[in-house]
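Residue numbers (our numbering), protein chains in the order written: chain A, 37 to 365; chain B, -1 to 497.
Every residue gets a Cβ at the ideal spot worked out from N, C-alpha and C, and that includes glycine.
It should be emphasised that the depicted structure is a prediction, and the values quoted were computed from it without experimental measurement.
Only one structure is covered here, and it is reproduced in the block below.
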């Protein structure tokens, strides 16, 4: 919780600016849209944070989003599979991608950056080749399946804002991952592995299995997120669907207090981090800044956030050092 | 130093110390961990500023001048060089590069490699290292790196050389060499301040010994007017009961059998020995004799050929699998392989225990905290604060944390690699007592140590290794330092004790 305080502050500040200067920011429909996007990106960011906790990185998230997402309408419409077969297949395929990454990283000892960078190219290429680089959509059908992401729930007493269904998986996953990290032996082991892989191994922690598990979880969540994204938008181009999503996910995780050195995570922080990025994107459009500036603004905010975090960390560690000297004295 | 003191946040780490060190003198500073030695060294090397008092250093003409040491560069300019306890060499640089790191000779901004190598070779020869200056540091054994550090300090033309625990990673033979080098430097007029836990060395080399306790000077002894016991008394404020050599309570049952084991990546000879219940086996030998490899093979940290059996059943798989069978390993380098430094004591201590005491893989929060409290008390951790980050603990308490992690699971076999390196006398005795207690309860213990004193004190049976194979075996009651060293250096075993 303490780790999340910084990002909650940044979020509050940006939210305040947006409310004051952004026309239509505080309208129900806009906030509803923001909640939906936050939920979708949070699912990717939670996956990214599990990998980051181990000290690793996954650059292939966006391409897995694309491959998994595109596969859904492609299998349903073009290959005429039943939805009951499509969803499990896509999820299993995503998990298999993660397993592939995990094994390359733990058995062959390849660097996560390289493995997932190759993944980024690989899955995007497969998605484009598989679909003939043609836009894939639901052709107005499968409304009942798409409702998984599209349903909205009215909240008694509030008008103009209905809670997007995507919030449900986000909350469920956040609670599960939060409990996993803080309350289970595996979570403790995962954090230990990220903190000092070698010490964890000497202590009898099955580090290779946990690292593999983290890549499986990340790709599985990316695949699940990809499904929700495609249900939400209805159709997408294999060439650009999911582009840069890994960076949104990693940025949200880092803003949320996950150190890229591993061993630290805050689920609440990750979600607020994802929300911050979405509010920021939204604000850029609403206050009339050129949308071409979007990446520049996000980059700048990320840099400020990370620098502030590092300064705070240094300040506290210096205080700790002093306390340590006192203890020795 | 006159009346030099340092307070941290109102707590006195070092109280008004007066200290004089002369050219051509070896001044030893001893004290337990936390006595204020580190603070004193930090002040002298310019890392921290004193809260009070002044420091005067003689200039080249021999005139004392008050200096303000703000940063390592100031100290270096004043002619003070510190060789740290932890080795600070950049592993990817060659020897010349590391010796001249930060002050590389250059012509028009281009490194003058020839001059650098020539000079480096000169300083390396000064510490007795006949090595090619273009050798990479990572290729050197730890003992040599220590000497390179000293060469580096000398190359700054330091007139005051401070050595912080210089022998903690050296074997007996290398320690001899280092002491000889110190002798030469003393003759050359260098003022040497020598900080050590090893009283034997201190007694041999020091012209004067200053004892610190709780940030105060509690004793000063001139050469020839002291003995070990009086120094120890000044250090701990009481007499240390010399642990009597252990009477072995080893049972008959063999617990651990090591049969023709050799690490896959080590070109060594196969090793075989066995350990009975309640027995403590000490692996003696010089640095590089292959002791660490044996321990790591048993624990499954490195792959190996041959067989290891525990209670008659073969040990297989990686460390995780073996830990579940009751193997425990305390690695040599606790910061790299043993501890989660940024995490609290509690997480570090409960890690192995959790695996066996969780229900449905959930962390049992309440019993975890009572376990940690019990282990903190049993290991006599100071300060006894489970929530303190391990980073802020002294070396001895860090080591107790690693050992406590394993004591919590009552391992069938405890493997310890240099169990008390960089650990003060008091903590060492406490660690030894815990290890003995574990053995007395029926576990098998194997430890490796470069310190003969520790081997003689703790082991029931001593296996001496030389260049990757077993050179001989000696029972504790027959063992002498001479006999062990003869085997460790490849000499013929003295008659009768050979296994």
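Worksheet entry | Three-way DSSP call (helix, strand, coil) for residue 500 (chain B) in this model | Because residue 500 (chain B) is not part of the residues shown, which for chain B are -1 to 497, the question remains open.
Discussion item. Is there a Cβ of chain B sitting closer than 8 Å to that of residue 232 (chain A), yes or no?
Written reply: yes
Fill in: C-alpha gap between residue 53 (chain A) and residue 317 (chain A), whole angstroms
13 Å
Item to complete: Please report how far the alpha carbon of residue 493 (chain B) lies from the alpha carbon of residue 481 (chain B), in whole angstroms.
Response: For residue 493 (chain B), the predicted model reports a pLDDT of 46, less than 50, meaning its position is unreliable; a value from the coordinates is still stated below. When rounded, the distance between both Cα atoms is 10 Å.
Worksheet item: Beta-carbon of residue 287 (chain A) versus every beta-carbon of chain B: anything under 8 Å?
Response: no
Discussion item. Would residue 379 (chain B) and residue 343 (chain B) be called neighbours here (beta carbons separated by less than 8 Å)?
Written reply: yes
Discussion item. Looking at chain A, is there any beta carbon in it that lies within less than 8 Å of the beta carbon of residue 368 (chain B)?
Written reply: no
Worksheet item: DSSP on residue 265 (chain A), reduced to helix/strand/coil?
Response: DSSP, read as helix, strand or coil, puts residue 265 (chain A) in helix.
Item to complete: Anything in chain B within Cβ reach of residue 219 (chain A), meaning under 7 Å, just list it in chain order.
Response: Under the 7 Å cutoff, chain B gives 360 and 361.
Worksheet entry | Reduced DSSP category for residue 125 (chain B) - H, G, I as helix; E, B as strand; rest coil | coil
Fill in: Minimum length 3: unbroken beta strand (DSSP E) runs contained in the segment 449 to 477 of chain B
459 to 464 and 467 to 473
Fill in: Spatial distance of residue 115 (chain A) from residue 172 (chain A) (CA atoms)
12 Å
Worksheet item: Taking the alpha-carbon positions, what's the residue 311 (chain B) to residue 321 (chain B) distance?
Response: The straight-line gap from Cα to Cα measures roughly 14 Å.
Worksheet item: Name the residues in the segment 233 to 244 of chain A whose C-beta lies less than 7 Å from a C-beta of chain B; which are they?
Response: Cβ contacts with chain B: 234, 235, 237, 238, 239, 240, 241 and 242.
Item to complete: Can you give me the Cβ contacts of residue 278 (chain A) inside the same chain, cut-off strictly under 7 Å, excluding the 5 residues immediately before and after it?
Response: 98, 99, 101, 102, 105 and 262
Practice prompt. With DSSP collapsed to three states, give me the class of residue 440 (chain B).
Written response: coil
Worksheet item: Between residue 349 (chain A) and chain B, is there a C-beta pair that is closer than 8 Å?
Response: Among the CB atoms of chain B, none fall inside 8 Å of the CB of residue 349 (chain A).
Item to complete: Could you tell me which residues DSSP puts in a beta bridge with residue 189 (chain B)?
Response: DSSP lists B:158 as partners of residue 189 (chain B).
Practice prompt. Return the first residue and the last residue of the alpha helix (DSSP H) that residue 198 (chain B) is part of.
Written response: 197 to 203
Item to complete: Less than 8 Å between the CB atoms is what I'm expecting for residue 12 (chain B) and residue 213 (chain B), so what's the real figure, rounded?
Response: 5 Å
Worksheet item: Tell me which same chain residues have a C-beta within less than 8 Å of the C-beta of residue 488 (chain B), skipping the five on either side of it?
Response: Cβ neighbours of residue 488 (chain B) beyond the five flanking positions: 464, 465 and 469.
Worksheet item: Which chain A residues sit within Cβ distance under 7 Å of residue 98 (chain B)?
Response: Those within 7 Å of residue 98 (chain B) in chain A number zero; the least Cβ separation is about 29 Å.
Practice prompt. Determine the closest residue to residue 78 (chain B) out of B:57, B:96, B:93 and B:91, with distance taken between C-alpha atoms.
Written response: B:57
Discussion item. Just verifying my parser: in three-state terms, what is the DSSP assignment at residue 18 (chain B)?
Written reply: coil
Discussion item. Could you compute how far the alpha carbon of residue 9 (chain B) sits from the alpha carbon of residue 34 (chain B)?
Written reply: The pLDDT assigned to residue 9 (chain B) is 44, lower than 50, so where the model puts this residue is not dependable; a value taken from the coordinates is nonetheless given after this. Between the alpha carbons of residue 9 (chain B) and residue 34 (chain B) lies a distance of about 12 Å.
Practice prompt. Could you check if residue 467 (chain B) is buried or exposed, using at least 16 other CB atoms within 10 Å of its CB as the buried criterion?
Written response: exposed
Worksheet item: Whose C-beta lies closer than 6 Å to the C-beta of residue 348 (chain A) among residues of the same chain, with five residues either side of it excluded?
Response: none
Worksheet item: Where DSSP assigns a beta bridge to residue 78 (chain B), which residues make up the other side?
Response: B:158
Practice prompt. Please classify residue 104 (chain A): does DSSP put it in a helix, a strand, or coil?
Written response: helix
Discussion item. Going by DSSP in three states, residue 525 (chain B) sits in which element: helix, strand or coil?
Written reply: Not covered by the structure: residue 525 (chain B). The range shown for chain B is -1 to 497.
Worksheet item: Thinking just about the alpha-carbon of each residue, which of B:75, B:15, B:366 and B:94 is nearest to the one in residue 50 (chain B)?
Response: B:15
Practice prompt. Closer than 9 Å, Cβ to Cβ, to anything on chain B: give me those residues from the segment 293 to 325 of chain A, in chain order.
Written response: 299 and 300
Worksheet entry | alpha helix (DSSP H) segments (min. 4 residues) lying fully within the segment 215 to 276 of chain A | Within the segment 215 to 276 of chain A, the alpha helix (DSSP H) runs of at least 4 residues that lie entirely inside it are, in chain order, 221 to 231, 233 to 238 and 243 to 269.
Worksheet item: Over what stretch of residues does the beta strand (DSSP E) that includes residue 307 (chain B) continue unbroken?
Response: Taken as a continuous stretch (DSSP letters only), the beta strand (DSSP E) holding residue 307 (chain B) covers 302 to 308.
Discussion item. Would residue 462 (chain B) and residue 288 (chain B) be called neighbours here (beta carbons separated by less than 8 Å)?
Written reply: Going by C-beta atoms, residue 462 (chain B) is not nearer than 8 Å to residue 288 (chain B).
Worksheet item: Quick check: the segment 426 to 434 of chain B against the segment 347 to 365 of chain B, are there 3 or more CB pairs under 8 Å?
Response: In short, these stretches do not touch, since the Cβ pair count stays below three.
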